[in-house]
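Engineer:
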Amino acid sequence: MHWPQRLILIFFLLCAPLLAALPASSSAQNTVSIGIVADNEPYSSFGTNGPQGFSVDILNKVGEISGVNFDYRVGSWTDIYAAFLRGELDALDEVSWREDRVRLMHFTRPYHLRRTIIMHDANRPLSGADSLADLKGKRIGVLRDVYYLQTLRDAGLNLIEYSLQPEMIQALSFGWVDAIIGSEVTLSYFARQKGLVSVQPIGPAPLGGQENEDFRIAVQPELTNLHEKLETALAGLDPKWLEDTREKWQEFGGKSLQVPQFQLTPAQKTLLRQQGPLRVGLMRDYAPLSFEDGGQVQGLTVDILARIMDLTGLRAVPVVGQWSQLIEMFQRGEIDIMANISDLPARREFSRFTQPYHFVSVVGFSQSPDLRLTRKEDLHGLRVGYGAGIFYADALRDVLGKDAIAFDDQASMFVALANGQVDLVLAALDNGNHWIRDQGLRNIHIAGELHLDDIVREDLRFAIRPELDALVPVLNQALNGISPSEMRAIENRWLGAYFETSSNAAGTVLLSDVENAYLTQKNHTLTFCAHRDWMPLDGINAKGQHQGIASGFLRLASRRLGIETRLYETTSWRASLDALQAGRCDLIPGASNGSGLQHHSDITYSAPYYALPTVLLGRIESPFITALAELERSPIGITRDFGLFQDLRVRHPNLNLIPVANEAEGLRKVQSGELYGYIGTLATTSQQLQDMRLADIRVIGRVPMDTTLAIATVKDNQILAGIMQKVVGSAGADELNQIENQWRSVHLSAHVDYSLVWQLMAGALVLILGFYAWNRKLRSLNRQLEQANAQLAKLSATDQLTGLGNRTRFDQTYDILFQHCLRSATPFLVAMVDIDHFKRVNDDYGHAAGDECLKVLADTLRSHFQRTGDNVIRFGGEEFVIFAAVGSVGEAHNRLELLREAVSAMPIQYETQVLHLTISIGYCLQTPTKKAVPTHWLLAADQALYRAKSQGRNRVVQALSTGTDGAS
473 MHWPQRLILI FFLLCAPLLA ALPASSSAQN TVSIGIVADN EPYSSFGTNG PQGFSVDILN
533 KVGEISGVNF DYRVGSWTDI YAAFLRGELD ALDEVSWRED RVRLMHFTRP YHLRRTIIMH
593 DANRPLSGAD SLADLKGKRI GVLRDVYYLQ TLRDAGLNLI EYSLQPEMIQ ALSFGWVDAI
653 IGSEVTLSYF ARQKGLVSVQ PIGPAPLGGQ ENEDFRIAVQ PELTNLHEKL ETALAGLDPK
713 WLEDTREKWQ EFGGKSLQVP QFQLTPAQKT LLRQQGPLRV GLMRDYAPLS FEDGGQVQGL
773 TVDILARIMD LTGLRAVPVV GQWSQLIEMF QRGEIDIMAN ISDLPARREF SRFTQPYHFV
833 SVVGFSQSPD LRLTRKEDLH GLRVGYGAGI FYADALRDVL GKDAIAFDDQ ASMFVALANG
893 QVDLVLAALD NGNHWIRDQG LRNIHIAGEL HLDDIVREDL RFAIRPELDA LVPVLNQALN
953 GISPSEMRAI ENRWLGAYFE TSSNAAGTVL LSDVENAYLT QKNHTLTFCA HRDWMPLDGI
1013 NAKGQHQGIA SGFLRLASRR LGIETRLYET TSWRASLDAL QAGRCDLIPG ASNGSGLQHH
1073 SDITYSAPYY ALPTVLLGRI ESPFITALAE LERSPIGITR DFGLFQDLRV RHPNLNLIPV
1133 ANEAEGLRKV QSGELYGYIG TLATTSQQLQ DMRLADIRVI GRVPMDTTLA IATVKDNQIL
1193 AGIMQKVVGS AGADELNQIE NQWRSVHLSA HVDYSLVWQL MAGALVLILG FYAWNRKLRS
1253 LNRQLEQANA QLAKLSATDQ LTGLGNRTRF DQTYDILFQH CLRSATPFLV AMVDIDHFKR
1313 VNDDYGHAAG DECLKVLADT LRSHFQRTGD NVIRFGGEEF VIFAAVGSVG EAHNRLELLR
1373 EAVSAMPIQY ETQVLHLTIS IGYCLQTPTK KAVPTHWLLA ADQALYRAKS QGRNRVVQAL
1433 STGTDGAS
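Numbers given in the numbering used here equal positions in the sequence shown, counted from 1, plus 472.
Given below as structure tokens:
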């Protein structure tokens, strides 16, 4: 609760006895005074807009049905209960039936059962408890003076008592207790508010009948007419509305699940059309918010950024590095947007901030299990490590002076803690837990949350350089356009129980007792829905067997869980959703994203396990488009059931989208000219092009909204949803790549059906010549098809501006060349090339001039690295990567120096201007050994590039090593 709300609450608590003492309102005027508890979130509390909460929503609905106008009197339970007994209130909310109260009040029927449950941290799982005896030997957190406290004491449990439920949640997440017992709705609410997704219920508390507490409305005994009105209104409440209201408060803190439609003004649309790619700074070691894994940057912030790019149509070029490097680049204007940054007065001179998208708790990690942080004085006498440039650095140095020790990267900071070089390190809770696991550190404990004056939690935002401040309201609109349920799915993916990276041991799924019991009840057999028409992602072959990438993932899930699966075949994607909702199957393994399925709000999705590009296809003579706005009113086909159909309609209302029955129909209409283009996934449209032998259709554009595959289950089956989420989290990158390679290679091969040819030959000899001519035509068509497919593959791996390879090409070739160098003991060169002060070119001459410079530089790069085995990739913006097998250090340095000199001496003619560029180059050259990690060459080259920039630019700098023992 923020301080203005606290002041309001304190005022009402002080005034509560006076408010409660006011005379009861006249029933004749249909105004009823009712007492509600002031600080009982999320049931009832007093916010900036007055009384709020689950119970308040119930009362408002009851008042609407019954015609009663409730006059809310807010106070502590003791005050409002006493006022009711004195007859100063007409009614009292959140009252439980007790026999000794019957003569004092009339009870309505219960409108809610508050369930008492056991919660654990899924990162430190606790088996379910069938009896209190199962909890013996564990540290159990519980509220002081709660009504079932004596029952727990009588059971001989090791109880740790707390005054407030948020304190219990915090103690559980910090590892100070093994489990907590309390109200399901309240504990879940506070866990969600703090972003502690791994804090989860494991089952009801075995309290011998005391675990359920009924919530009712009590009225004065003489107000029988009022009692009848309230009773009738409660009976008329829709059970689904009640459940949705509970979920709204328990899971989303009262936020509406309906988000406003994302709409831009004409001026904003023009701004976005003119905006080039944005360089976004992302930390490489801030897991689970942003981090590098397997050469890819990922995390919660990256997913949110991708969603913003989808909504706005903007393009992001990740710039990955350490915080200290990125913030300097941002201040120099070399980065357009900075992620994972807090709003501080000192930063407002060079930053324009969006609203926050996430809050994190900053905690202290120590080797001492007894150290506790409750105030800043607890830091005195400790050597404390912190991340260089962090938002609380100045305040920390004011307290500790030289005992505050800055670290440039998180990993080395936690190693220093393990080695005793510091006594305490400060980090975001989830980030610190990640590094403890990643480094395999033992006996590291959480000492508590950091408190430095007003600094408690870190607000994470995007910062935009001042020249682009017009983008701030656009990004804020996009953040508001992410629904609470969608944001929750992102949080669940990255903040849940121990998210997996390629460095984690994949393949482990730890199920709770409740989850194991569910699978046993299902006889370890789950039914899934699938249809035939979505290969290579999902389909059914002629023998009725499930196939495609979804089938590969389902088999992985079956192995993980030790279950069997049974197919329920449907005719379409929508039919699969209907069957799932009707209970004819348990899950859909190949569910695609998209909010267009509003009629299926009762279905929930796991985190994605596979993502693929969405593309626009057109006739081969059609020009390549860079933005959907270029299509104007051209008719564009899209499958009716495509998950992004409705999203495209909302975000691009000027697109002339024409629904088609399936991809085959859409592609035929493109070929005939009835449609200008067709939107689909790269994988499925490639399959269709080959199946239909269409050689005159190609990819002509990229749709900035990726399609993802996830597991769909019904919303009511949270147990199965949790199981499937754990399976998704357990899948390693190598396993997913293997599944993709199997279905992208086997099922995308072209084939020729010669059965008709043989029938013609058997018919008559005279038709042989006809066959010969037809066969030649078939071969010609197949050659065209192969050429078109090669062109399709080349386009998907080619940067459209420069003609160099793009990230896709990099992913296809980098590891292959690395492995070749490993086998042949050949030095492996990786060079990072960056244009110096390129921003000035765009600012002074415009983006068109910048594009011309990039094209000329690309030609120069190609001319200097054109040997067999040389690869030149545009990594994004003005950054390029060269990787090659070379003979010696001298050869590599000479070639790169010649490249630098050529660029420096090269005039670039643009309109009437002659421009000049310089480049900085950082490179790594080592001979790989078996322990080598390919991405370490990239990291070393990137660090060398940074040194080249910091040493004055326009130079070539070599990395000393890859930083591993994997090179010789």
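Virtual Cβ for every residue (Gly too), placed ideally from N, Cα, C.
Given the structure is predicted, the values throughout are model-derived calculations rather than measurements.
(1) Which residue wins for smallest C-alpha separation from ALA759, given the options THR742, TRP795 and GLY785?
(2) For the putative contact between VAL789 and VAL752, defined by C-beta atoms under 8 Å, what is the C-beta separation to the nearest angstrom?
(3) Around the C-beta of SER823, are 16 or more other C-beta atoms found within 10 angstroms, so that it is buried, or is it exposed?
(4) On the premise that VAL856 lies in contact with LEU424, defined as a C-beta separation below 8 Å, what is that separation, rounded to the nearest angstrom?
(5) Closest by CA to ASN1189, which one among SER1048, LYS994, ALA1136 and PHE1282?
(6) How long is the line joining the alpha carbons of ALA989 and ASP572, rounded to whole angstroms?
(7) Look at the Cβ atom of ILE1151, then the Cβ atom of ILE1108, and state whether they are nearer than 9 Å.
(8) In its own chain, which residues sit with a C-beta less than 6 Å from the C-beta of ILE1380, not counting the 5 before and 5 after it?
(9) Closer than 8 Å is the cut-off here; do at least three beta carbon pairs connect the region 773–792 with the region 1331–1344?
(10) Closest to PHE1300 by C-alpha separation, out of SER840, ALA1412, PRO938 and VAL791, would be which residue?
(11) Report the residue from ARG570, VAL1313 and SER516 whose alpha carbon sits nearest the alpha carbon of TYR544.
(12) For ASN1410, does the three-state DSSP call read helix, strand or coil?
(13) Within 10 Å of its beta-carbon, does TRP907 have 16 or more other beta-carbons around it, so buried, or fewer, so exposed?
(14) According to the neighbour-count rule (16 or more other Cβ atoms, all chains shown, within 10 Å of its Cβ), is GLY1145 buried or exposed?
(15) Looking at the structure shown, is PRO1085 part of a helix, part of a strand, or coil, going by DSSP?
(16) Can you confirm whether the region 1033–1049 touches the region 1001–1018 when touching is taken to mean that 3 or more C-beta pairs between the two stretches lie within less than 8 Å?
(17) If you compare alpha carbons, which of GLN1415, LEU1432 and VAL1313 is closest to GLN797?
(18) Opposite ASN512 in the DSSP bridges: which residues?
(19) Let's test the definition: count the other Cβ atoms within 10 Å of the Cβ of TRP966 and tell me whether it reaches 16, buried, or not, exposed.
(20) Decide yes or no for the touch test of the region 870–886 against the region 812–820: beta carbon pairs closer than 8 Å, at least 3 of them.
(21) Do you know whose CA, among HIS1309, ALA1377 and GLU800, lies nearest GLY1349's CA?
(22) Can you pull the DSSP bridge partners for ARG1112?
(23) Taking the alpha-carbon of ARG1105 as reference, which of LEU1116, LEU1088, LEU1129 and LEU679 has the nearest alpha-carbon?
(24) What does a CB cutoff of less than 8 Å around ASP426 pick up in its chain, not counting 5 residues either side in sequence?
(25) From the DSSP output, read off the bridge partner residues of SER505.
(26) Just checking, does the region 597–610 make contact with the region 672–692 on the three C-beta pairs under 8 Å criterion?
(27) Pairing CB atoms from the region 828–843 with CB atoms from the region 914–934, are three or more of them under 8 Å?
(28) For HIS592, which option in HIS584, GLY675, VAL546 and PRO693 has the closest C-alpha, if you only look at C-alpha atoms?
(29) Following the continuous beta strand (DSSP E) through CYS1001, name the residue where it begins and the one where it ends.
(30) Given a cut-off of 9 Å on the beta-carbon distance, is the pair LEU1370 and ILE1393 in contact?
(31) Quick check: what's the CA-CA separation for LEU695 versus TRP713?
(32) Taking the alpha-carbon of ILE1169 as reference, which of ALA1182, THR1185 and VAL1142 has the nearest alpha-carbon?
(33) Of the residues ASP808, GLU723, ARG804 and ASN891, which one's Cα is nearest the Cα of GLU958?
(34) Specify the secondary structure class of TRP907 as computed by DSSP and reduced to three states.
(35) From what residue to what residue does the beta strand (DSSP E) around ASP931 run?
(36) Bridge partners for CYS464 per DSSP, in chain order?
Structural biologist: Well, looking at it:
(1) The residue among THR742, TRP795 and GLY785 with its C-alpha nearest the C-alpha of ALA759 is TRP795.
(2) Yes, they are in contact, since the Cβ atoms of VAL789 and VAL752 sit about 7 Å apart, within 8 Å.
(3) By the C-beta density criterion, SER823 is buried, having at least 16 other C-beta atoms within 10 angstroms.
(4) Here the chain has residues from 473 to 1440 only, and residue 424 is not among them.
(5) The candidate whose alpha carbon is nearest that of ASN1189 is LYS994.
(6) Taking C-alpha positions only, ALA989 is separated from ASP572 by approximately 40 Å.
(7) Taking 9 Å as the Cβ cut-off, ILE1151 and ILE1108 qualify as a contacting pair.
(8) Only CYS1325, VAL1328 and LEU1387 meet the Cβ criterion.
(9) Per the Cβ contact rule, the region 773–792 is not in contact with the region 1331–1344 (fewer than 3 Cβ pairs under 8 Å).
(10) Ranking the options by Cα distance to PHE1300, first place goes to ALA1412.
(11) If we check each option's Cα against that of TYR544, SER516 comes out closest.
(12) The displayed chain sequence assigns Leu, not Asn, to residue 1410. Correct three-state label for LEU1410: helix.
(13) Within a 10 Å sphere around the beta-carbon of TRP907 sit 16 or more other beta-carbons, which makes this residue buried.
(14) Around the CB of GLY1145, fewer than 16 other CB atoms lie within 10 Å, so the residue is classed as exposed.
(15) DSSP places PRO1085 in strand when its eight states are reduced to three.
(16) Judged by Cβ distances under 8 Å, the region 1001–1018 makes contact with the region 1033–1049, as three or more pairs qualify.
(17) With distances taken between Cα atoms, GLN797 lies closest to GLN1415.
(18) Answer is SER516, bridged to ASN512.
(19) By the neighbour-count rule (16 or more Cβ atoms within 10 Å), TRP966 is buried.
(20) By the Cβ criterion, the region 870–886 is not in contact with the region 812–820, since fewer than three pairs of Cβ atoms, one from each stretch, lie closer than 8 Å.
(21) Per the C-alpha coordinates, the member of HIS1309, ALA1377 and GLU800 positioned closest to GLY1349 is HIS1309.
(22) Its beta-bridge partners do not exist; DSSP assigns none.
(23) Comparing alpha carbon positions, the residue from LEU1116, LEU1088, LEU1129 and LEU679 closest to ARG1105 is LEU1129.
(24) This structure leaves residue 426 out entirely; the chain is present only between 473 and 1440.
(25) According to DSSP, which records beta bridges pairwise, SER505 is partnered with ASP543.
(26) The answer is yes - the region 672–692 touches the region 597–610, with three or more Cβ pairs under 8 Å.
(27) Note that the region 828–843 touches the region 914–934; at least 3 beta-carbon pairs, one per stretch, sit closer than 8 Å.
(28) With respect to the C-alpha of HIS592, the residue from HIS584, GLY675, VAL546 and PRO693 having the closest C-alpha is GLY675.
(29) In the DSSP annotation of this structure, the continuous segment of the beta strand (DSSP E) that includes CYS1001 starts and ends at 997–1002.
(30) In this structure, ILE1393 does not lie closer than 9 Å to LEU1370 by Cβ.
(31) If I take the Cα positions, the gap works out to 28 Å.
(32) Closest option to ILE1169, Cα to Cα, is VAL1142.
(33) Comparing Cα-Cα distances from GLU958 to each of ASP808, GLU723, ARG804 and ASN891, the minimum goes to GLU723.
(34) Of the three classes helix, strand and coil, the one that applies to TRP907 here is helix, per DSSP.
(35) Per DSSP, ASP931 belongs to the beta strand (DSSP E) from 929–936.
(36) Residue 464 cannot be examined here, being either before or after the span of the chain that is shown, 473 to 1440.
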